[in-house]
Amino acid sequence: MAAKTRMIEVDATTANTLQDRAAAQGMSVSELVAGMTALGETPASVPDVDLAELDREWAKVKAGGATVAHRDVAQWLKTWGTPAFRPWRDQ
1283 MAAKTRMIEV DATTANTLQD RAAAQGMSVS ELVAGMTALG ETPASVPDVD
1333 LAELDREWAK VKAGGATVAH RDVAQWLKTW GTPAFRPWRD Q
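For the sequence shown, the positions run 1283 to 1373 when the numbering used here is used.
Right, dumping it as structure tokens:
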């Protein structure tokens, strides 16, 4: 049985963004939104070893260890999902 469809109104900027992202991934807007919704419903699971590493890194920050400027991280995050993306270690 085919799923029923519904119309949802969004502003033009959001519609354009969804269309651009869907096209970049070779899918329809409906598929993109369905995937985004599924991600939001899946609880995050972080292995204990990763949590321990995060705790160690946070302890270093609290002790005055080196950090990265917000503007540098923000600029890098803007590349996610684009051809310009490079892993942080390659910056």
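Cβ atoms here follow ideal geometry from the backbone N, Cα and C, with glycine treated the same way.
Do residue j and residue i count as a contact pair if the criterion is CB distance below 8 Å?
i, j, result
"alanine 1314", "leucine 1333", "Here residue 1314 turns out to be leucine, not alanine, going by the sequence shown. It is not a contact, given that the beta carbons lie outside the stated cut-off."
"tryptophan 1370", "tryptophan 1362", "no"
For residue i, report the span of its alpha helix (DSSP H) as first-last.
i, result
"glycine 1322", "1311-1323"
"arginine 1353", "1352-1359"
"arginine 1338", "1330-1344"
Going by DSSP in three states, residue i sits in which element: helix, strand or coil?
i, result
"asparagine 1292", "It is worth fixing the name first, because residue 1292 is valine in this sequence and not asparagine. Residue state, collapsed to three classes: coil."
"glutamine 1307", "coil"
"arginine 1368", "coil"
"glutamine 1373", "coil"
"threonine 1287", "coil"
"alanine 1326", "coil"
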